[in-house]
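Chemist:
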Ligand code: AMP
Ligand code: GLY
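In the working numbering, the protein residues as written are 4 to 432.
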């Protein structure tokens, strides 16, 4: 098979890494790719969100299968353009991707189908309407921009002043672009988060191994939200009773709801859950694999990824074919100085070869590019140092040992990936 992978982050590097293990794969292109993907696939300098250019690329290269990493091409309708031409692609349609592309759409979906989620106060098209509504909410309150905002569209406001400041920036100064034209207010849920990602061909589905992301930039969940500073996966995140509850109260009603609404969903469906005292509730849908969740998930993969994704595109997924390594995995993100705020690119990265010598470790590149005979930083999240191990403790030890061998100016990372899980801490792990 010849495969085209769209995207250029750590998630796409992880996909390319595992696709290359398949004996079915003869060639991989990646658009745009990054400094690490370059040595594992042919990178093409086209942005994944540039619909016309991607269609033209596929016309020229004729891949047997295309796999979409990020949300933008999905929300823009790339898969519809491919399917109209009978080209095999993994990813939901433009309509189905609204589950991520519009928070209002997804909230209405959740309500319509009786799924457990945070109570919504309302949706608002004007800042004055939000300010009025804020007089009768419980604090803290969650404020969400309706559209795609590159991970910056959700704010947990402790008081009116900070809420007003966020709404002003989003609705009056348009700092997040058109995604911020409409705002939604909802109740704050408390608990631990769980990323529950499913692969589906529209008829059958298979859950991937459970993961937890660490969204805040600093240890102990301090500081602003980021795209994700690290993730880990262990089956202990999902005891059997919780698995059953998620299946019966969330996953089954989601698939029934999609069918009732006439939405064919094919690809990865990410359920962002909050495990509250009154059971798991849906925080968000994403229409793709998470990043850095994908890095942790794929490190545990024990099946032929190309074969399975081809089955998904052809509508013949056999969930029994998805097998996973026991044990655990972890991904520690190394970020540029200043991220998630302003940062500079072009810093030389040292120690990559030494880090990758550690058994079970794979360095997945995100914001990197080649420069001369070295690699330099080229984004906020630079590397995802990923390790698999027989236990979470072992995976974390390998990942952090590898981290200690890598250096670039301004590099920062969280030292507590995998450690804030109280359930595991209570179990003495
Ligand atoms: P989203 O963009 O919807 O994925 O939200 C990003 C992050 O905001 C989530 O992963 C949570 O950490 C947080 N969040 C979203 N909605 C809520 C809520 N209702 N209560 C508490 N935290 C939330
Ligand atoms: N890591 C969260 C996300 O991919 O949306």
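For each residue, glycine too, the CB sits at the ideal point set by N, CA and C.
Bear in mind that the values here come from a model prediction, so they are computed numbers and not experimental data.
Are there any heavy atoms of the ligand AMP lying less than 7 Å away from the beta-carbon of residue 174, as far as the coordinates show?
Modeler: no
Chemist: What residue ranges within the region 56-133 form continuous alpha helix (DSSP H) runs of no fewer than 4 residues, ordered along the chain?
Modeler: 74-78, 81-87, 101-104 and 106-115
Chemist: Using DSSP with H/G/I as helix, E/B as strand and the rest coil, what is residue 300?
Modeler: helix
Chemist: Are the Cβ atoms of residue 90 and residue 132 separated by less than 8 Å?
Modeler: no
Chemist: Does residue 201 come out as helix, strand or coil in the three-state DSSP assignment?
Modeler: strand
Chemist: For residue 417, does the count of other Cβ atoms within 10 angstroms reach 16, so buried, or fall short, so exposed?
Modeler: buried
Chemist: Which residues does DSSP list as the beta-bridge partners of residue 228?
Modeler: 219
Chemist: By the 10 Å Cβ neighbour count, where 16 or more other Cβ atoms means buried, how is residue 24 classified, buried or exposed?
Modeler: exposed
Chemist: What's the gap between the Cα of residue 344 and the Cα of residue 415?
Modeler: 13 Å
Chemist: Evaluate contact between the region 285-305 and the region 217-234, counting only Cβ atoms and requiring at least three cross-stretch pairs below 8 Å.
Modeler: Yes, they touch.
Chemist: Please report the distance separating the alpha-carbon of residue 384 from that of residue 402.
Modeler: Taking the straight line from one Cα to the other gives about 16 Å.
Chemist: Once the 5 residues before and after residue 430 are set aside, which same chain residues still bring their CB inside 7 Å of it?
Modeler: The predicted model places residue 430 with a pLDDT of 38, which falls under 50 and marks its position as unreliable, so this point remains unresolved.
Chemist: According to DSSP, which residues form a beta bridge with residue 279?
Modeler: In the DSSP assignment, residue 279 forms a beta bridge with 282.
Chemist: Does the region 298-306 touch the region 319-333, meaning 3 or more C-beta pairs lie closer than 8 Å?
Modeler: yes
Chemist: Between the C-alpha atoms of residue 420 and residue 87, what's the straight-line distance to the nearest angstrom?
Modeler: As the crow flies, the alpha-carbon of residue 420 is around 43 Å from that of residue 87.
Chemist: Taking the DSSP output, what are the residues bridged to residue 410?
Modeler: 353
Chemist: Beta-carbon separation of residue 8 and residue 72 under 8 Å?
Modeler: Cβ distance < 8 Å, so residue 8 and residue 72 count as in contact.
Chemist: For residue 432 and residue 365, I'd like the C-alpha separation in whole angstroms.
Modeler: Because the pLDDT of residue 432 is 37, which lies under 50, any placement of that residue in the model is unreliable, and the number read from its coordinates should be weighed accordingly. Rounded to whole angstroms, residue 432 to residue 365 spans 24 Å at the Cα level.
Chemist: Can you give me the Cβ contacts of residue 428 inside the same chain, cut-off strictly under 6 Å, excluding the 5 residues immediately before and after it?
Modeler: Residue confidence for residue 428 is low, a pLDDT of 43 falling below 50, so the modelled location carries little weight and cannot support an answer.
Chemist: Is residue 283 near residue 95, with beta carbons less than 8 Å apart?
Modeler: no
Chemist: In this structure, does DSSP put residue 430 in helix, strand or coil?
Modeler: Low local confidence applies: a pLDDT of 38 at residue 430 is under 50, so the model's placement there is unreliable, with the coordinate-based value given in what follows. Correct three-state label for residue 430: coil.
Chemist: In this structure, what does DSSP give as the bridge partners for residue 332?
Modeler: 236 and 391
Chemist: Of all the options 203, 264 and 237, which has the alpha carbon lying nearest to the alpha carbon of residue 320?
Modeler: Closest option to residue 320, Cα to Cα, is 203.
Chemist: Out of 37, 189 and 141, state which residue places its alpha-carbon closest to the alpha-carbon of residue 149.
Modeler: 189
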